[in-house]
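Chain order of the listed sequences is Y and L.
Letter by letter, the first sequence follows residues 1 to 319 of the working numbering.
Letter by letter, the second sequence follows residues 320 to 638 of the working numbering.
Protein chains: 2
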Amino acid sequence: MNWKGFGTFAAYSEIMSLLIVGTVAFDSIETPFGKEEMIVGGSAQYAAYAAGYYYDHIDLVSIIGDDFPESELSDLEKRGVRLEGVKKVIGGKSFYWAGKYHDNLNDRDTLVTDLNVLADFDPILPDSYKDSEFVLLGNLTPDIQISVIEQLNKTPKLVMLDTMNLWINITLEPLMKAISMCDVLTINDEEARMLSGEHSLVLAAAKILKFGPNYLIIKKGEHGALLFDQNNVFFAPAMPLQKVVDPTGAGDCFAGGFLGYIAKSGDTSFENLKRALIYGSAMASFVVEDFGNRRIKTITQADIRERLIDFVRLSQFTI
Amino acid sequence: MNWKGFGTFAAYSEIMSLLIVGTVAFDSIETPFGKEEMIVGGSAQYAAYAAGYYYDHIDLVSIIGDDFPESELSDLEKRGVRLEGVKKVIGGKSFYWAGKYHDNLNDRDTLVTDLNVLADFDPILPDSYKDSEFVLLGNLTPDIQISVIEQLNKTPKLVMLDTMNLWINITLEPLMKAISMCDVLTINDEEARMLSGEHSLVLAAAKILKFGPNYLIIKKGEHGALLFDQNNVFFAPAMPLQKVVDPTGAGDCFAGGFLGYIAKSGDTSFENLKRALIYGSAMASFVVEDFGNRRIKTITQADIRERLIDFVRLSQFTI
Chain Y
1 MNWKGFGTFA
11 AYSEIMSLLI
21 VGTVAFDSIE
31 TPFGKEEMIV
41 GGSAQYAAYA
51 AGYYYDHIDL
61 VSIIGDDFPE
71 SELSDLEKRG
81 VRLEGVKKVI
91 GGKSFYWAGK
101 YHDNLNDRDT
111 LVTDLNVLAD
121 FDPILPDSYK
131 DSEFVLLGNL
141 TPDIQISVIE
151 QLNKTPKLVM
161 LDTMNLWINI
171 TLEPLMKAIS
181 MCDVLTINDE
191 EARMLSGEHS
201 LVLAAAKILK
211 FGPNYLIIKK
221 GEHGALLFDQ
231 NNVFFAPAMP
241 LQKVVDPTGA
251 GDCFAGGFLG
261 YIAKSGDTSF
271 ENLKRALIYG
281 SAMASFVVED
291 FGNRRIKTIT
301 QADIRERLID
311 FVRLSQFTI
Chain L
320 MNWKGFGTFA
330 AYSEIMSLLI
340 VGTVAFDSIE
350 TPFGKEEMIV
360 GGSAQYAAYA
370 AGYYYDHIDL
380 VSIIGDDFPE
390 SELSDLEKRG
400 VRLEGVKKVI
410 GGKSFYWAGK
420 YHDNLNDRDT
430 LVTDLNVLAD
440 FDPILPDSYK
450 DSEFVLLGNL
460 TPDIQISVIE
470 QLNKTPKLVM
480 LDTMNLWINI
490 TLEPLMKAIS
500 MCDVLTINDE
510 EARMLSGEHS
520 LVLAAAKILK
530 FGPNYLIIKK
540 GEHGALLFDQ
550 NNVFFAPAMP
560 LQKVVDPTGA
570 GDCFAGGFLG
580 YIAKSGDTSF
590 ENLKRALIYG
600 SAMASFVVED
610 FGNRRIKTIT
620 QADIRERLID
630 FVRLSQFTI
């Protein structure tokens, strides 16, 4: 089965590219299963690897220092990820995050956040990126997210926006503007409750959809993810795993897999978004099996196919 | 559609009865949506109502004081629930529990537990109950659960056992014996971790299945439920609801709906247990919509059908 068969078709039509904006960084991570220092991380990096299994035309926007390993950049390029929009700051240091996960692997403490070159990140889209049909705005300040959308030549087919509690707390006004400009908002359950003031996720979703997006994805970590539009709700479970080694990057791989699959299929109907939620969940279920990007870099199309069938077995029934 | 069509068939063959053992009681409940004093509760009562929507031949075993309202007993009888095994203690008071739920509705504090007549509960099965094919052992001391199994004339098709953290802590040895005698064990995620010493629910399930049961159901409240056997895992989501008024009885209605559906179909294959998990989840999704048994007593077969279709919409996809 040729999962990337769409590439053939694209040769005869306009290439629809997937723009991913976010961090490319270093992480130091401690979990109950071990400790890894200064490994490669970052939301855009994770999302690009995940999307790359479904789609070929990925344009990355990020910022790094000259400490970032060339070999990691060329690994991304080998997956068909274009790096023209990744700015390298000579003499600068890449964004660095250090965290320690609790035994339950759901909670974590941030030990270090060194913004470094990210502090001055003001992305300028290369001209060749400006016709992107699919846009994934990783968790960054709302101002950066808005700026990226405003640099596009035309309205994309789908803009997906990730954010976090920090921006809800300190930059609510620009965040609300960014949310109003996206098609799919993705946040976790706690953030959905903060943003809406509703405890019930059904009521929270109804309120948040009035802020502008057509679709809302509420991520619940090991408890799966909910997809809402005005009339429908769909639930994708998380795959129960023997061992979750490192949850870092799960949300990013989920988002990358989700939008990569939609870009591949070119279909933004609710039915296809349901499917994309499962394809994204499959990617999240791989990345957590090892530290950093180790697992997400080494899976095969056969692994993915098998995992998707596991999702079918896990959740399909007849009444 | 005749949901209870099995009754017709039963007239020509042996009636397979569903035995439910548990409490019939009073509760006082406070949730963010209000407070109700001395309303009817109890695990067997909830399970019997839920099972009664799928199956006609239900035999109840419990103990009550003479304070328990006759009208509530006759409501159960009208559903085809036989009460020969419900012992009424003249001059005794029914089991009483009072609790207050936190704002998240997942956590609760027990304010009062008055065992009353339950303190001397030593159920004697009526002869007419002893050929039960399906047995639901509600959360009681393991000694009572074992005693009920030992009074049966023959090995039932399926014995389902519910328990709780208290019995894991204070009566582990008899609990392990009871578990070894059941076919389906149902516990929550925290209890599965306690009982197995494993954090991963996949590893916890593998360990617990070695204790004897063929199937393990791990309940995760608003996050759904997992069904395991040696080779398979299935996940049933909880229905996202606008309003959860009172979570009391959700687990009991889930168990009653689950086993009621299996009794109706007479099929104990994994495929059918998956379906039963959804039928049980539907019952749980109703009972929480109002205080006590108010909602679970008043739903119709059309309500159930509609809710089951909602479950299909919520979780079914193609890859």
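We treat Cβ as the ideally placed atom computed from N, Cα and C, and that holds for glycine.
Remember, it's a predicted structure, so these values are computed and weren't measured experimentally.
**OP:** Name, please, each residue of chain Y whose Cβ falls closer than 9 angstroms to the Cβ of residue 561(L).
**Re:** 200, 202, 203, 206
Original post:
Is the CB of residue 315(Y) under 8 angstroms away from at least one CB in chain L?
Top reply: yes
Subject >> Rounded straight-line distance, which links the Cα of residue 596(L) to that of residue 154(Y) >> reply: 48 angstroms
Original post:
Contact between the region 539 to 558 of chain L and the region 260 to 278 of chain Y: three or more CB pairs below 8 angstroms?
Top reply: no
**OP:** Pull up the DSSP beta-bridge partners for residue 25(Y), would you.
**Re:** 41(Y)
**OP:** Please go through the same chain and pick out, in chain order, the residues whose beta-carbon is closer than 8 angstroms to the beta-carbon of residue 490(L), but skip the five residues on each side of it.
**Re:** 460, 461, 462
Original post:
Would you say residue 227(Y) faces chain L, with C-beta separation under 8 angstroms as the test?
Top reply: no
Subject >> Interface residues of chain Y facing residue 542(L) [CB-CB closer than 9 angstroms] >> reply: 220, 222, 223, 224
Subject >> Proximal chain Y residues relative to residue 594(L), where beta-carbon distance stays under 9 angstroms >> reply: 317, 318, 319
**OP:** Can you say whether residue 401(L) is buried or exposed, counting buried as having 16 or more other CB atoms within 10 angstroms of its CB?
**Re:** buried
**OP:** Determine, using beta carbons only, whether residue 468(L) comes closer than 8 angstroms to chain Y.
**Re:** no
**OP:** Give me the Cα-Cα distance between residue 370(L) and residue 557(L), rounded to the nearest whole angstrom.
**Re:** 18 angstroms
Original post:
When you compare only the Cα positions, how much space is there between residue 304(Y) and residue 80(Y)?
Top reply: 18 angstroms
Original post:
In chain L, which residues lie less than 9 angstroms from residue 278(Y) when you measure between Cβ atoms?
Top reply: 636, 638
**OP:** Could you tell me if residue 9(Y) is buried or exposed, where buried requires 16 or more neighbouring beta carbons within 10 angstroms of its beta carbon?
**Re:** For residue 9(Y), the pLDDT reaches just 43, beneath the cut-off of 50, and the residue's location in the model is therefore unreliable, leaving the point undetermined.
**OP:** Below 8 angstroms CB to CB, which residues in the same chain sit around residue 165(Y) once its five sequence neighbours on both sides are set aside?
**Re:** 190, 191, 194
Subject >> Residue burial classification, residue 321(Y) (beta-carbon count within 10 angstroms, cutoff 16) >> reply: The shown model of chain Y, from 1 to 319, leaves out residue 321(Y), and the question about it has no answer.
Original post:
CA-CA distance, residue 31(Y) and residue 105(Y)?
Top reply: 7 angstroms
Original post:
Whose Cβ in chain Y lies nearer than 8 angstroms to the Cβ of residue 422(L)?
Top reply: 199
**OP:** Using a cut-off of 7 angstroms between C-beta atoms, extract the partners of residue 553(L) located in chain Y.
**Re:** 314
**OP:** Using a Cβ cut-off of 8 angstroms (strictly closer), state whether residue 499(L) contacts chain Y.
**Re:** no
Subject >> Whole-angstrom distance between residue 240(Y) and residue 309(Y), CA atom to CA atom >> reply: 14 angstroms
Original post:
If we ignore side chains and look at the alpha-carbon of each, how far apart do residue 611(L) and residue 405(L) end up?
Top reply: 20 angstroms
**OP:** Look at the Cβ atom of residue 455(L), then the Cβ atom of residue 359(L), and state whether they are nearer than 8 angstroms.
**Re:** no
Original post:
How would you label residue 304(L), buried or exposed, when you count the other beta carbons within 10 angstroms and need 16 or more for buried?
Top reply: No information on residue 304(L) is available, as it lies outside the stretch 320 to 638 that chain L covers here.
**OP:** Just list the alpha helix (DSSP H) runs in the region 43 to 78 of chain Y, keeping only unbroken ones of 4 residues or longer that don't cross its boundaries, in chain order.
**Re:** 43 to 52, 70 to 78
**OP:** Report yes if the CB atom of residue 441(L) is closer than 8 angstroms to the CB atom of residue 415(L), and no otherwise.
**Re:** no
Subject >> DSSP state of residue 606(L) mapped onto helix, strand, coil >> reply: helix
Subject >> CB contact below 8 angstroms: residue 556(L) versus chain Y >> reply: yes
Original post:
So is residue 376(L) buried or exposed if we call it buried at 16+ other beta carbons inside 10 Å?
Top reply: buried
Subject >> residue 153(Y) - DSSP class collapsed to helix/strand/coil >> reply: coil
**OP:** With DSSP as the reference, label residue 332(L) as helix, strand or coil.
**Re:** Confidence in residue 332(L) is poor, its pLDDT being 44 and thus under 50, which makes the residue's placement unreliable; the coordinate value appears in the next sentence. Coil, per DSSP.
**OP:** At 9 angstroms on the CB atoms, spell out the chain L contacts of residue 308(Y), in chain order.
**Re:** 638
Original post:
Going straight from the alpha carbon of residue 356(L) to that of residue 158(Y), what length do you get?
Top reply: 52 angstroms
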